[in-house]
Structures are given as structure tokens and as C-alpha cells.
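Reading through the C-alpha cells given below for one structure.
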Amino acid sequence: MADKPTGILVCAILFAIGGLLSVLGGLAMLLMGGAMFGMGGADAEVAGMFAGMMGIFAVIAIIIGIAELVVAYGIWNLKKWARIAGIVLAVISLISIPIGTIIGIVILYFLLIDKNTKDLFTE
1149 MADKPTGILV
1159 CAILFAIGGL
1169 LSVLGGLAML
1179 LMGGAMFGMG
1189 GADAEVAGMF
1199 AGMMGIFAVI
1209 AIIIGIAELV
1219 VAYGIWNLKK
1229 WARIAGIVLA
1239 VISLISIPIG
1249 TIIGIVILYF
1259 LLIDKNTKDL
1269 FTE
């Protein structure tokens, strides 16, 4: 671990944490969607609609979380595809104001600007 440059450590750790939180958040949304559907009562149609929307958002969060975990693994192992995928995911995270924006900027700095990190992926 000590032989990894700072940029690789930062990017891999941020993607791993973000991926884990996205997967856990998606699973929590699935549970909440099921609970909302079960509490329908008189407004069963509305509860079903919200449960369906929650399910869609949950699946999206889980897919993004898995993608972030895969990118974290790829960046850790200096895979060129992971740098490209990491840039894409970091750009997407810029819309998550304010924390996602800060994290996205940090990751973009290391993957696009920091020469020590960027050059490792061209070998």
C-alpha cells in the first residue's frame, strides 16, 4: 500500500467508499419501497407509485455503486479502462452538490491533471 502514489490511493478509496454507500443506500431504498407499498391502506395506488419509483432509484443507485466498486478495483490495479470510467463517474458526481461536487473535482484533478497519477495509466 505504501508504494501506491497518493492520487491512486485517494481515487480508489473515494470510489470504494462511494460505491459501498451507493449499494447500501440502494438496498435501503428497496426495503423502504416495499414498506411503503405495504402501508398503502386507502391510498394504495399512490403508495404503489412511490414504491415503484423508489425501486427504480434503488436499482440505479445499486448499479452506480457496483460500477464505482469496479472502478476502484481498476484504479488500484492501474487499469487504463478504470481511468476513463473514473473520469465519467466523477463528471456524473459533479451534479451531487456539494459533497459529490467536491469529490468529483478531487478525482478529476488526479485522473486528468496530476502528472504522477495520470502517467501511471499509460504504461
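Residues 1149 to 1271 in the numbering used here are what the sequence shown lists, from first letter to last. Ideal Cβ placement from N, Cα and C applies to all residues, glycine included. Since we're looking at a predicted model, the values are computed, not measured.
Since I believe residue j is in contact with residue i (beta carbons under 8 Å), could you give me their beta-carbon distance rounded to a whole number of angstroms?
i, j, result
"G1248", "F1163", "About 12 Å separates the two Cβ atoms, so there is no contact after all."
"G1155", "N1264", "6 Å"
"A1199", "G1181", "4 Å"
Among the options, which residue has its Cα nearest to the Cα of residue i?
i, options, result
"A1160", "L1179, F1198, N1225", "N1225"
"K1228", "L1260, G1181, M1180", "L1260"
"A1230", "I1212, P1153, V1239, E1216", "E1216"
"V1207", "G1173, S1244, I1243, V1158", "G1173"
"M1197", "I1243, A1183, K1152", "A1183"
"V1218", "I1253, K1152, I1165", "I1165"
"G1213", "P1153, L1175, L1268, V1158", "L1175"
"V1236", "Y1221, G1252, K1266", "G1252"
"F1269", "I1250, I1232, P1246", "I1232"
Using a Cβ-Cβ cut-off of 7 Å (strictly less than) and excluding sequence neighbours within five positions of residue i, which residues of its own chain qualify?
i, result
"F1205", "M1177"
"Y1257", "none"
Apply the 10 Å Cβ neighbour rule to residue i and answer buried if 16 or more other Cβ atoms are within range, or exposed otherwise.
i, result
"M1202", "buried"
"S1241", "buried"
"S1244", "exposed"
"I1255", "buried"
"V1239", "exposed"
"I1223", "buried"
"V1158", "buried"
What residue range is occupied by the uninterrupted alpha helix (DSSP H) comprising residue i?
i, result
"S1272", "Shown here, the chain extends from 1149 to 1271; a query on residue 1272 therefore has no answer."
"Y1221", "1192-1224"
"K1152", "Element bounds for K1152: n/a, residue is neither H nor E."
"T1265", "1263-1266"
Report all residues from its chain with a CB closer than 6 Å to the CB of residue i; omit the five preceding and five following residues, and keep chain order.
i, result
"I1210", "V1171, G1174"
So, for residue i: in the same chain, excluding its five sequence neighbours on each side, which residues have a beta-carbon less than 8 Å away from its beta-carbon?
i, result
"D1267", "none"
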